[in-house]
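Heads up: the sequence shown begins at 143 in the numbering used here, then just goes up one per residue. We treat Cβ as the ideally placed atom computed from N, Cα and C, and that holds for glycine.
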Amino acid sequence: MVRKLFLTLAFAALSAFPRISALNFDASTWIWTNEVSGGNAPPGTRAFRKDFVAPLGKTPVQADIIMTVDNGFTLYVNNVSVGTGDDYRFAERFCVPLYSCLNVFAVAATNAATTPNPAGLLAAIEITYSDGTTSTIVSDTTWRYSISVPSGFEDLTFDDNSWPPAIAEGAYGVSPWGQIGIPSNPPVLEISGGNAPPGNRAFRLTYTPPPTQGAPTNATVIIVADNAYTLYVNGFLIGSGTNFHTAQTYTIPLAPANETVFAVFAQNADVVPNPAGLLAAIEINTVGCNCTAGVIRVTDGLGHWKSNTGTPAGFELPGYDDSAWPVATDEAPLGAAPWGTIAVGGPGPATPIGGAPLGL
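Shown next, in the form of structure tokens:
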């Protein structure tokens, strides 16, 4: 079947990284425009800016940024589009070089839907100076906003003096957002349920990094399937699992590439329709300018994962055309029958399950 389990998952830091900061949202505040009424804001895109000038005697070198917006955003640093996010439950993480004097962080933040609903921006930015010291910028009422999105609002020279200060909606952890998954955090799983015809199914996730962040260098994957799976990355067989009570964990070095393809051959056993599902979470990281950029991708209904009721030849390869495949859909919450609690273990054997391709 073309369904899958829903997951909320963040990951532990990888020891291979040269430096993983302890950056978090603990001091950050959810902010938005003054349009918020009763916890809801009109749909649409709003502009936010934060100017940063280094203290006297300090030279900024880089920024390690974690950010999320309900519902999505595009981040600019010094007029350069750095990256985007489209799932507020998970922060995106970016690493960017800075100018020695003025630096501007600008965000086009979108509240989706067609009627008023909760909207907010949450950010934490660690500035590293040439002397090795750091300071942190957080989302708060020192950020400015515009209800319109003026042309060039992301430019260093744009004058935002007439923009009002953002309003505070509450400290990190406030309802309705709660805790946000940050690349490098410990994993927390959520799952779901239903029946599906027996047989094999194919799933694919293609990740294209923002141009400013460079090619991914490594990935951590936590994955399980009812009843079994084989995982491929860029066509290479990574490992398999045959027990849906225990997920496997893989840490995978990535060769430089414009995109990274995660493909899964999933198998629902038995001879009659029965529960089936794929549960996966992936942290993809790029190590650049001495800090880590990262994203989390989970099995969800947001369009990141695609699925197919067959397993066509070559589906695991990077060049395979999955444009006609539908988006995989969600099932139900953690603890739902028949899956219950899922344990997380080490990697599975690097051999394909029956019927799965051998890989490159």
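- In summary, LEU500 is exposed, with fewer than 16 beta-carbon neighbours lying within 10 Å of its beta-carbon over all protein chains present.
- Within the segment 154-240, the complete beta strand (DSSP E) segments of 3 residues or longer fall at 171-174, 186-195, 202-212, 214-219, 222-227, 234-239, listed in chain order.
- Within the DSSP secondary-structure output, ILE495 pairs in no beta bridge.
- Between the beta-carbon of VAL249 and that of PHE215 there is about 5 Å, and that keeps the pair under the 8 Å contact cut.
- Taking a C-beta distance under 9 Å as the contact criterion, ALA169 and ALA233 do not qualify as a contact pair.
- The segment 357-370 makes contact with the segment 384-393: 3 or more CB pairs, one atom from each, lie closer than 8 Å.
- Each of GLY227, ASN220, GLY225 was checked against the Cα of TYR241, and the nearest Cα belongs to ASN220.
- Under the three-state reduction of DSSP, THR393 is assigned to strand.
- Contiguous beta strand (DSSP E) elements confined to the segment 289-322 occur at 309-313, taking only those with 3 or more residues.
- A Cβ-Cβ contact shorter than 9 Å links THR283 with ALA308.
- In the same chain as ALA408, and ignoring 5 residues on each side of it, the C-beta atoms closer than 8 Å to its own belong to ASN342, ARG343, ALA344, PHE345, ALA367, ALA370, TYR371, ALA418, LEU420, in chain order.
- Following the DSSP letters along the chain, one finds GLN409 inside the beta strand (DSSP E) bounded by residues 402-410.
- Take the alpha-carbon of GLY436 and the one of PRO353: they are about 13 Å apart.
- Beta bridge pairing from DSSP links SER449 with PHE345.
- The C-alpha of PHE190 is placed about 22 Å away from the C-alpha of GLY323.
- Taking C-beta atoms as the reference points, LEU264 and ILE207 fail to come closer than 9 Å.
- Here DSSP, grouped into helix, strand and coil, assigns THR350 to coil.
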